[in-house]
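What follows is a short report on a single structure.
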Amino acid sequence: MNKFKIEQRIKRLKKEINYHRYLYHVLDKQEISDAALDSLKHELFLLEQKYPEFLTFDSPSQRVGGKPLEKFKKVCHRFPMLSLGDVFNQEELKNWEERIQKLAPGQKLKYFAELKIDGFAVSLIYKDGIFFCGSTRGDGRIGEDVTQNLKTIESIPLKLSIHSMPFETLRKGKKDKVSNLKALDKKIRKNLEKIIKKGTLEIRGEVYMAKKVFEKINQKRLEKSEPVYANPRNIAAGSIRQLDSKITDSRDLEFLAYDLITDIGQKSHSEEHKILPALGFKTDQGKICGSVKKIIDFFKSIQKKRKKLPYQIDGIVISVNNNLLYKKLGVVGKAPRGSIALKFPAEEATTQVENICVQVGRTGALTPVAYLKPVNIEGITITRATLHNEDEIKKLDVRIGDTVIVQRAGDVIPDIVKVLPGLRTGKEKKFQMPKNCPICGAKTKRISGEVAVYCSNENCFAKEKEELIHFVSRKAFNIEGLGKKIIEHLMNEGLIFSAADIFYFKKGDLEPLERFAEKSAENLIQSIEKAKKISLARFIYALGIRHVGEETARLLAQQTANSKQQTTNIEDLIDFFQKISLEELENIQDIGPIVGKSIYSFFHSEKSLKLLKDLSKAGVEVNLPQNLQKVSFRISGKTFVLTGSMETLSREQAKEKIRNLGGNISSSVSKNMDYLVCGKNPGSKFEKAKKLGIKILNEGEFLKMIK
Ligand code: IVH
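Following this line, the structure appears as structure tokens:
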């Protein structure tokens, strides 16, 4: 064979293998035996070895695991990978609908309901149609590059195509997923063709292990007397995060797509569910529902089928179908307002309450906890359940000695859902919230409008301990080697009173203490030293301001970064938050009055100001990470259209600025855009945008925004 013929043979082999891959892994169909397919793959492999000049990134041979990696590279998600809020019944679902209806008055809401796969979320980036980068969710903003591992999953296409696959034959006379191709909007199809040729496309979905594969793996482990895996989700997650992709390869994972992130003109989530299979992805079942009742019907029908499905699901996901409205609804905490997970009821069991004790948390709130007679739910032994607060105890009328129903949902702390009074003996004891803090003895108080009872002592040992644990935790200062037990120990020895004390430790202070060998003292000192340099977002999170979680901390960091001062040290931070008014704080998008007040009072409390100053004195340095400086909170994710000429910037420079700050550019005015930047002598875009009520920025306003 001459070289041309070899190249042709390689091309045909790739196409044929890809066709059978698609049939088998996406459409669950098979035309040739596994052995025959292996033999085609083998021929391709040998040819590519001999003629490496014909080896391409999208070749099926590239799915084989490569050399183990030292560690994963980090990937910054262009759009954050969010999580979902949960509801468990019709009433909670209705409340969710009411909340969004309030934000979209007068609009008829339609939803797309689909399966919630119990797997591991990943993002796939295709550049010019070729699978280029796959990453894990990580903390939502930064994930890990697991491209090589994802390449081993056959249901992930290495190259995207719309027409090129020979499944025309398959389609004839059959109404299967592929017929979605025909139903695609013409414009969408054109845009897809364009972006596959040149451009970036991001798709998200779930990697999972089929129930059958999971059982087989566990069976083998049993035979070898090895411990079995608890569930397919854990093993899927573990397999994706393997540095050796050969291990991933051996695990037979699969992929289901549920989200098309890139805007190619799709107007609804249901449309995305047509586009994804047309691109060669397997998708989950879904349905457009016009009401909560219809969603519940869908939920019930899925619940019936659940056991027969080839993969595990833990509920359904419901999303507002209109993408424009979805975007407008925004994000609360780490979850989009426009989506919610309706979970299957958790597994339940009955047991007895042996005691009720209270725990004092970081905010000083007293949480009653029920100590239970050990009981097994879904393979996990439960000994404790949270009773949340005084009102919950009253509502349940739970007493020490009662027989109760406990429920476990996902990884959260189990709940007591019901007491069985028929089993009472008369010896059960009622529980009262203590009038004094069980740790420091100070009076407890209940703030009006809140359900929690608090310890009134600002310096309560338990509160300070929890604050410190939070301060050094992984998402905050991340001080390795400084866990719960050690903090307690150091506090008991009187070596730390406040977070700032941590930074003054010397090796000699630690070594005499029990638990500290010379090496571990040295390691701890080193990790404390390393932790002194911290990003602004982590720093704010570490402060433990009530209601300020990771996401809000990031938002606040972004705000301060955008401010004129370009906060780079703690003094600047204090200055910024002392100057900002309560009203300004409350008006920041995604910060409401409760969170705003909490931030405001934190930065106006003497105790917190002292802590901040002490931390600064102790040598803590806050810094703005690159991506925080670059991505503007007001611009990221927003779509801009430019018209007219500007005096200080060329069109190209303006576009580059917007892109660098995380914004998108569109060439035409539509309802889907956010801002029209209007220079001198604007064109017809100006009138059109005005009619649509789009926000128009003049040059000065635009410059201020990108500053
Ligand atoms: S939509 C805003 N759809 O559930 C997040 N998620 O509990 C968009 N998941 O992190 C997710 N099946 O890993 C969506 N059909 C589905 C899903 C799904 C499973 C996972 C996903 C997400 C988690 C949230």
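Numbers 2 to 708, taken from my numbering, label the letters of the sequence shown in order.
Here a beta-carbon is modelled for each residue, glycine too, at the ideal position from N, C-alpha and C.
Would the segment 513 to 523 count as touching the segment 435 to 448 if we require 3 or more Cβ pairs under 8 Å?
With a cut-off of 8 Å, the segment 435 to 448 and the segment 513 to 523 do not count as touching, because too few Cβ pairs lie within range.
Just to confirm before moving on: does the CB-CB distance between Ile417 and Leu397 stay below 8 Å?
As a position in the sequence shown, residue 417 is number 416, starting the count at 1. As a position in the sequence shown, residue 397 is number 396, starting the count at 1. Yes, they are a contact pair.
Apart from the five residues on each side of it in sequence, which residues of its chain come closer than 7 Å, Cβ to Cβ, to Lys335?
Residue numbering aside, residue 335 sits at position 334 when the sequence shown is read from its first letter. So the qualifying residues of the chain are Leu83, Ser84, Gly141, Glu552.
Taking the runs of the beta strand (DSSP E) that are 3 residues or longer, which of them lie wholly in the segment 379 to 455?
The qualifying runs are 381 to 387, 404 to 409, 416 to 420, 445 to 447.
Keeping to the same chain, check which residues put their C-beta closer than 7 Å to that of Pro167; ignore five residues upstream and five downstream.
Position 166 of the sequence shown, counted from the first residue, corresponds to residue 167. Bear in mind that a pLDDT of 37 at Pro167, under 50, signals an unreliable position, so the model cannot answer this.
With a CB to CB cut of under 8 Å and the five nearest residues on each side skipped, what residues in its chain are close to Glu169?
The residue you call residue 169 lines up with position 168 of the sequence shown. Here the model assigns Glu169 a pLDDT of 40, short of 50, so the residue's position is not dependable and the matter cannot be decided.
Between Ile503, Val678, Asn682, which has its C-alpha nearest Ile695's C-alpha?
Translated into the one-based positions of the sequence shown, residue 695 becomes position 694. Residue Val678 is the option with its Cα nearest to Ile695.
Do you know whose CA, among Leu161, Tyr209, Val333, Val370, lies nearest Arg400's CA?
Start at 1 with the first residue of the sequence shown, and residue 400 comes out as number 399. When only C-alpha atoms are compared, the closest one is Val370.
So does Tyr278 have its beta carbon nearer than 7 Å to some heavy atom of ligand 1?
On the sequence shown, position 277 is the one that residue 278 refers to. Looking at the sequence provided, one finds Pro at residue 278 rather than Tyr. Answer for Pro278: no, Cβ out of range of ligand 1.
Using a 10 Å radius around the Cβ and a threshold of 16 neighbouring Cβ atoms, would you call Asn96 buried or exposed?
Looking up residue 96 in the sequence shown gives position 95. Its Cβ having fewer than 16 others within 10 Å, Asn96 is exposed.
Answer with buried or exposed for Arg475, where buried requires no fewer than 16 other C-beta atoms within 10 angstroms of its C-beta.
Translated into positions along the sequence shown, residue 475 becomes position 474. Burial call: exposed.
Going by C-alpha to C-alpha distance, which of Leu94, Asp129, Gly291 sits closest to Lys109?
As a working note, residue 109 is residue 108 in the sequence shown. Nearest C-alpha to Lys109: Gly291.
Rounded to whole angstroms, what's the CA-CA distance from Lys485 to Asn458? Just pull it up for me.
For the purposes of this step, residue 485 is taken as the residue at position 484 of the sequence shown. For the purposes of this step, residue 458 is taken as the residue at position 457 of the sequence shown. Approximately 21 Å, taken between the alpha carbons.
Thinking C-beta only, is Leu610 closer than 8 Å to Gly597?
On the sequence shown, position 596 is the one that residue 597 refers to. On the sequence shown, position 609 is the one that residue 610 refers to. Taking 8 Å as the Cβ cut-off, Gly597 and Leu610 do not qualify as a contacting pair.
Alpha carbon to alpha carbon, how far is Leu629 from Tyr542?
Taking the sequence shown and counting its residues from 1, one reaches residue 629 at position 628. Taking the sequence shown and counting its residues from 1, one reaches residue 542 at position 541. Any reading at Leu629 needs caution, since the residue's pLDDT is 45, under 50, leaving its predicted position unreliable; the model's value is listed next. Each residue's alpha carbon lies about 15 Å from the other.
Go to Asn324, then tell me how far its alpha helix (DSSP H) extends in each direction, as first and last residue.
What you label residue 324 is simply residue 323 of the sequence shown in a count that begins at 1. Looking at the DSSP string, the run of the alpha helix (DSSP H) that includes Asn324 is 324 to 330.
Quick check on this structure: which residue in Glu92, Ala37, Lys12 has the alpha carbon closest to the alpha carbon of Phe55?
Residue numbering aside, residue 55 sits at position 54 when the sequence shown is read from its first letter. Cα-wise, what sits closest to Phe55 is Lys12.
Would you call the CB atoms of Val123 and Gly206 closer than 8 Å?
Walking along the sequence shown from the start, residue 123 turns up at place 122. Walking along the sequence shown from the start, residue 206 turns up at place 205. It is a contact, given that the beta carbons lie within the stated cut-off.
What separation, rounded to the nearest whole angstrom, lies between the Cα atoms of Asn682 and Thr649?
Position 681 of the sequence shown, counted from the first residue, corresponds to residue 682. Position 648 of the sequence shown, counted from the first residue, corresponds to residue 649. One C-alpha to the other measures close to 15 Å.
By the DSSP assignment, the alpha helix (DSSP H) with Lys268 in it spans what residues?
Counting from 1 along the sequence shown, the entry for residue 268 is found at position 267. Taken as a continuous stretch (DSSP letters only), Lys268 belongs to no alpha helix (DSSP H), as it is neither H nor E.
Does the separation of the CB atoms of Val670 and Ser599 fall below 8 Å?
On the sequence shown, residue 670 is found 669 positions in, with the first residue counted as 1. On the sequence shown, residue 599 is found 598 positions in, with the first residue counted as 1. Their beta carbons are not under 8 Å apart, which means Val670 does not touch Ser599 by this criterion.
Is any heavy atom of ligand 1 found at a distance shorter than 7 Å from the C-beta of Glu54?
The residue you call residue 54 lines up with position 53 of the sequence shown. Not so, every heavy atom of ligand 1 lies at least 7 Å from the Cβ.
For Phe215, which of helix, strand or coil comes out of DSSP?
Your numbering for residue 215 matches position 214 in the sequence shown. If DSSP states are grouped into helix, strand and coil, Phe215 belongs with the helices.
Three Cβ pairs or more, each shorter than 8 Å: is that satisfied between the segment 268 to 288 and the segment 96 to 105?
No: the two stretches stay apart, fewer than three of their Cβ pairs being nearer than 8 Å.
Can you find a heavy atom of ligand 1 that lies under 7 Å from the Cβ of Ile118?
In the sequence shown, counting from the first residue as 1, residue 118 sits at position 117. Yes, since a heavy atom of ligand 1 falls inside the 7 Å radius drawn around the Cβ of Ile118.
Can you have a look at Phe498 and say buried or exposed, based on whether 16 or more other CB atoms are within 10 angstroms of its CB?
Here residue 498 refers to the residue found at position 497 of the sequence shown. With fewer than 16 Cβ atoms within 10 Å of its Cβ, Phe498 is classed as exposed.
Please report how far the alpha carbon of Tyr105 lies from the alpha carbon of Lys294, in whole angstroms.
In the sequence shown, residue 105 corresponds to position 104, counting from 1. In the sequence shown, residue 294 corresponds to position 293, counting from 1. Going by the sequence as given, residue 105 is Ala instead of Tyr. C-alpha separation (whole angstroms): 20 Å.
Hey, how far is the Cα of Ile440 from the Cα of Pro375?
The residue labelled residue 440 in the question sits at position 439 within the sequence shown. The residue labelled residue 375 in the question sits at position 374 within the sequence shown. Looking at the two C-alpha atoms, the distance is approximately 26 Å.
Counting pairs of beta carbons, one from the segment 642 to 658 and one from the segment 617 to 625, are three or more of them closer than 8 Å?
Too few Cβ pairs lie closer than 8 Å, so no.
Report buried or exposed for Phe58, applying the criterion of at least 16 other Cβ atoms within 10 angstroms of its Cβ.
Translated into positions along the sequence shown, residue 58 becomes position 57. Looking at its Cβ environment, which holds fewer than 16 other Cβ atoms inside 10 Å, Phe58 is exposed.
Cβ-heavy atom distance between Pro337 and ligand 1 below 7 Å?
By 1-based counting over the sequence shown, the position of residue 337 is 336. Checking the Cβ of Pro337 against ligand 1 gives yes.
Using a threshold of 8 Å, state whether the C-beta atoms of Gly266 and Asn322 are closer than that.
What you label residue 266 is simply residue 265 of the sequence shown in a count that begins at 1. What you label residue 322 is simply residue 321 of the sequence shown in a count that begins at 1. Not closer than 8 Å, so no.
Per DSSP, what are the beta-bridge partners of Leu125 in this structure?
Working through the sequence shown from its first residue, we reach residue 125 at position 124. Paired residues: Gly135, Ile204.
Can you tell which of Gly684, Asn665, Gly664 has its C-alpha closest to the C-alpha of Ser646?
Translated into positions along the sequence shown, residue 646 becomes position 645. It is Gly684 whose Cα lies nearest to the Cα of Ser646.
Just to check, is the beta-carbon of Tyr327 closer than 7 Å to a non-hydrogen atom of ligand 1?
Start at 1 with the first residue of the sequence shown, and residue 327 comes out as number 326. Flag unset: Cβ of Tyr327 not near ligand 1.
Below 7 Å, is the gap between the Cβ of Val318 and the nearest heavy atom of ligand 1?
The sequence position of residue 318 within the sequence shown is 317, counting from 1. For ligand 1, at least one heavy atom lies less than 7 Å from the Cβ of Val318.
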